[in-house]
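Under UniProt numbering, the sequence shown has 111 at position 111, and the numbering climbs by one with no breaks.
We put the CB at the ideal spot given by N, CA and C, even for glycine.
It should be emphasised that the depicted structure is a prediction, and the values quoted were computed from it without experimental measurement.
As structure tokens, the structure follows; a few thoughts come after it.
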Amino acid sequence: MEVTGSSGGAAAVGPCARIPAEHMEFIRQVLDRVGDKWSLLLIAVVEAGPLRYTDLQRQVPGISQRMLTLTLRQLQQDGLITRTAYAEVPPRVEYSLTPLGRGLHEIVTSLIGWATDHHDEIRAHRARAAAPAARS
């Protein structure tokens with residue numbers, strides 16, 4: 001197998017070697033989507049679903065209405081969550097994980113747990129790394 005560096009060719013070794021070169025761009029797009037901070041948090045929270053929009057906004061501190069709407073739409077487009085609208089007054093909309101989203105949930109919660117468990121350690125490393133720059 002020919003290695004073409006970073007020009008988009010297939011990798012010769014490592015985890016990327018299993019991915020056909022013609023799939024690599026799409027795989028990167030999927031990883032960008034599910035690796036986004038808001039997507040990770042929403043996938044973790046929606047597992048308790050079905051949840052309404054306002055419940056999601058309360059359970060993910062710091063997310064704006066715009067980002068919540070956009071992220072929910074993207075997760076729905078990728079088949080990770082479902083949006084169910086009920087014909088009621090006032091209208092009611094609920095979000096739930098799909099089977100595909102449930103398959104990702106355990107990975108997401110593990111990653112969030114890891115970040116939580118190592119928060120202090122990572123913060124200390126960042127402070128040490130920034131210290132020499134501050135002295136310069």
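Exercise for review: My understanding is that residue 81 touches residue 101, with C-beta atoms under 8 Å, so please give their C-beta distance in whole angstroms.
Suggested key: 6 Å
Check your understanding: Among all the DSSP beta bridges, which residues are the ones paired with residue 54?
Key -> Bridge partners of residue 54: none, in fact.
Check your understanding: Near residue 27, what residues of its chain come up, given a Cβ to Cβ distance below 8 Å and the 5 sequence neighbours on each side ignored?
Key -> 19
**Study point:** N-terminal and C-terminal residue of the beta strand (DSSP E) that residue 94 is part of
**Key:** 92-97
Review point. Does the Cβ of residue 108 have 16 or more other Cβ atoms within 10 Å, making it buried, or fewer, making it exposed?
Key: buried
Practice item. With DSSP collapsed to three states, give me the class of residue 63. Key: coil
**Study point:** Pair within 9 Å by beta-carbon distance, residue 22 and residue 97
**Key:** no
Review point. With distances taken from CA atoms, which of 37, 32, 17 and 30 is nearest residue 112?
Key: 37
Review point. How is residue 107 classed by DSSP in three states: helix, strand or coil?
Key: helix
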